[in-house]
Amino acid sequence: MTETVKPLLTQNSDMRRQGIFNWSIPAWAGTLPDGRHYNTCPSAGVCAPLCYARTGAYQFRNVKGRHQANLMMVLDDLPGWEKQMTAEVQHKRYRGRWIRVHDAGDFFSPEYTRAWMRVMRSAPDVRFYAYTKSVSLFREVVEPDPPENFRWVYSLGGREDHLIDLTVERHVDIFPDEESLEEAGYASRAQEGCLVSVLGPQKVGIAANNIVHLKKKQGPHRWSELQRQQDAKRRGPGKQFTSGRP
Ligand code: SF4
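Using my numbering, the final residue of the sequence shown is 261, and nothing's skipped along the way.
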């Protein structure tokens, strides 16, 4: 990486405190400055209207602009993005550090996911992690042969929740508050730090963001509960998913 190339990875204050670097694209669906429509979270479900990354600081012009520029780079020139990201993660500043893939957005296509896997393999001294709702994509593309330095966690509130075996698979759920997640026997991300989601117990809970209108929308429910309710409505009466239920 030359000094003139702007780093692709950033750190917000929370991440900096934890020593984690971050790559981000815009959350969910939107329109790029050139008029193209995108959906970076194809498996989003009830999470979309409750998403922290679609409000607040994420919508500041400079933040949103940067995330959109990141996405355009990926969409317009995936090999070029991969080349630049590969060079960046090999820089000594990332050695022994963690990189979170997607503060917002998700793995939205097999090609993009495979590009990330090659980037990860190119930097064995760096560790990568991600939250994802792209369960079927991970089953097909990542799970058969994951990079050794990559950890991920399935996050509930998506249209593919029913594919996750909650009894054995690592997952996170969003609860109304700290008390309710503790009551349910989940480890608290707020208390243990972001990496607990991929290194700690199999069940990790996150308390709902303090943004008032989002808290109100979520009410007293977990995202997984809201998703189950939505799935049941969509399926119609009398039909059930056969796995993944707590
Ligand atoms: S998948 Fe994540 S980033 Fe995308 S809409 Fe849902 S919560 Fe937001």
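We put the CB at the ideal spot given by N, CA and C, even for glycine.
Close-in-space but distant-in-sequence residues of the same chain around residue i (CB under 6 Å, 5 per side omitted)
i, result
"residue 88", "96"
"residue 229", "65"
"residue 183", "none"
"residue 224", "67"
"residue 142", "113, 164"
"residue 118", "37, 39"
"residue 63", "43"
"residue 82", "39, 40, 41"
"residue 174", "58, 60"
"residue 248", "none"
"residue 30", "37"
Check: residue i C-beta below 8 Å from any heavy atom of the ligand SF4
i, result
"residue 280", "This structure leaves residue 280 out entirely; the chain is present only between 16 and 261."
"residue 95", "no"
Three-state secondary structure (DSSP) of residue i
i, result
"residue 142", "strand"
"residue 75", "coil"
"residue 215", "coil"
"residue 188", "strand"
"residue 27", "coil"
"residue 38", "strand"
"residue 116", "strand"
"residue 169", "strand"
"residue 17", "Reliability of the predicted coordinates at residue 17 is poor, the pLDDT of 49 falling under 50, and the value obtained from them is presented with this limitation in mind. It is coil, neither helix nor strand."
"residue 46", "strand"
"residue 195", "helix"
"residue 54", "strand"
"residue 234", "coil"
"residue 147", "strand"
"residue 223", "coil"
"residue 239", "helix"
Cutoff 8 Å; reference residue i; Cβ partners in own chain excluding five residues on either side
i, result
"residue 35", "26, 112, 113, 114, 115, 209, 210"
"residue 86", "40, 41, 47, 53, 55, 120"
"residue 245", "60, 61"
"residue 232", "64, 65"
Residues near residue i in its chain [Cβ-Cβ closer than 7 Å; skip 5 each side]
i, result
"residue 101", "134, 137"
"residue 33", "208, 209"
"residue 45", "53"
"residue 126", "93"
"residue 147", "121, 122, 153, 167, 169, 170"
"residue 72", "78"
"residue 162", "132, 135, 136"
"residue 103", "16, 22, 23, 24"
"residue 196", "190, 203, 220, 222"
"residue 205", "193, 222"
Checklist entry - For the 8 Å Cβ check, are there 3 or more pairs between the segment 18-32 and the segment 135-145? => result Not touching, per the Cβ criterion.
Item to check | For the ligand SF4, residues whose Cβ lies under 6 Å from any non-hydrogen atom | outcome: Ordered along the chain, the selected set is 42, 43, 56, 59, 62, 63, 66, 68, 119, 120, 121, 148.
Next on the checklist: I want to know whether the segment 143-157 touches the segment 166-179 - three or more CB-CB distances under 8 Å.
Outcome noted: Yes, the segment 143-157 touches the segment 166-179.
Next on the checklist: Across the segment 173-191 and the segment 229-243, are there enough close Cβ pairs to call them in contact, namely three or more that are closer than 8 Å?
Outcome noted: Touching, yes, given that three or more Cβ pairs across the two stretches are closer than 8 Å.
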